[in-house]
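To start, the structure under review is shown below, and the notes come after it.
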Amino acid sequence: MIKISNLNKYFGSLHVLKDINLNVDESEVVVLIGASGSGKSTLLRCINFLEYPQSGKIEIDKEVIDPEKTNLNLIRQKVGMVFQHFNLFPHKSVIENIIEAPIHVKGISKDEAMTIGRDLLDKVGLPDKEQAYPTQLSGGQKQRVAIARALAMHPKAMLFDEPTSALDTELVGEVLQVMKDLAKDGMTMVVVTHEMGFAREMADRVVVMDEGMIIEEGPSEKIFTNPNEERTKDFLSKIF
Numbered sequence: 035m036i037k038i039s040n041l042n043k044y045f046g047s048l049h050v051l052k053d054i055n056l057n058v059d060e061s062e063v064v065v066l067i068g069a070s071g072s073g074k075s076t077l078l079r080c081i082n083f084l085e086y087p088q089s090g091k092i093e094i095d096k097e098v099i100d101p102e103k104t105n106l107n108l109i110r111q112k113v114g115m116v117f118q119h120f121n122l123f124p125h126k127s128v129i130e131n132i133i134e135a136p137i138h139v140k141g142i143s144k145d146e147a148m149t150i151g152r153d154l155l156d157k158v159g160l161p162d163k164e165q166a167y168p169t170q171l172s173g174g175q176k177q178r179v180a181i182a183r184a185l186a187m188h189p190k191a192m193l194f195d196e197p198t199s200a201l202d203t204e205l206v207g208e209v210l211q212v213m214k215d216l217a218k219d220g221m222t223m224v225v226v227t228h229e230m231g232f233a234r235e236m237a238d239r240v241v242v243m244d245e246g247m248i249i250e251e252g253p254s255e256k257i258f259t260n261p262n263e264e265r266t267k268d269f270l271s272k273i274f
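Each residue of the sequence shown is one higher than the one before, starting from 35 at the first, in our numbering.
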């Protein structure tokens, strides 16, 4: 589904991603962990071409992406993204936030978009919030709307960049539950998170990053109970 080969990204002289090689299979849940500043979020943003790598190759759904030639808007329809902060339109209702892109980007009718939007609100547990505005929602509810909005484009894969980091502790669980449901439904997912319980329970594979490199990857139980790398052991010792 997603294939990354020899990816390098610089910000000025700072080398933030160093020869990244990573494959994500269809319906696989891959969780990226590592210390802040290790390159996890930058890697996600490169997959969605919100950041352009200086070298390397990214292949999505068997298509090699050339930022100069590929229609990146079509790629972003295939690969949805949910951010730390919800980025909802404050002047639009919940349902209007969800149907905006399907109508204006995919060109579907408002009636069809409304049906999709209501189904997705059911999916994320917010059927009664259709006409609410973002200011009337909790942080957890806003993030669930943001997930519904991304799903409205029928992506083949979802990227999650610290989706619970801006939430109060008591609201984290409701967002993680939506993500767990997506994983169980077979959605291909790449997740950056500090929620180690989610990583351990739901990840098919855990990828450990440090200083812009992938230093270790493997099944979640292996990474959490018997990692090979000292840097992985050091990181996990600080988390647990």
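Just so you know, even glycine gets a beta-carbon here, dropped at the ideal spot from N, CA and C.
How many Å lie between residue i and residue j at the Cα?
i    : j    : result
D219 : S47  : 42 angstroms
L78  : Q175 : 23 angstroms
T266 : V212 : 28 angstroms
N42  : L84  : 15 angstroms
N121 : E102 : 27 angstroms
D240 : V209 : According to the sequence displayed, residue 240 carries Val and not Asp. Between V240 and V209, the C-alpha separation is close to 20 angstroms.
I92  : G71  : 22 angstroms
I150 : I248 : 38 angstroms
Using CA coordinates, which residue listed in the options is at the minimum distance from residue i?
i    : options                   : result
S61  : D238, T227, K144 and K267 : D238
T222 : F117, V63 and M187        : V63
H228 : I249, Q111, F274 and A184 : F274
H49  : S39, E264, T76 and K37    : T76
D59  : T169, D153, D53 and I38   : I38
P124 : R110, Q170 and I248       : Q170
By the three-class DSSP mapping on this structure, what secondary structure does residue i have?
i    : result
L51  : strand
L77  : helix
K96  : coil
E250 : strand
F45  : strand
M236 : helix
Output yes or no for whether 8 angstroms exceeds the beta carbon distance between residue i and residue j.
i    : j    : result
V226 : I81  : no
A135 : K157 : no
G90  : M243 : no
L160 : V139 : no
I129 : Q165 : yes
M35  : V116 : no
Q118 : P197 : yes
L51  : P87  : yes
K256 : M236 : no
E250 : N262 : yes
A200 : G114 : no
L205 : G173 : yes
K144 : L155 : no
G73  : G252 : no
With a floor of 3 residues, list each beta strand (DSSP E) that falls wholly inside the region 153-230, ordered by position along the chain.
191-195 and 222-226
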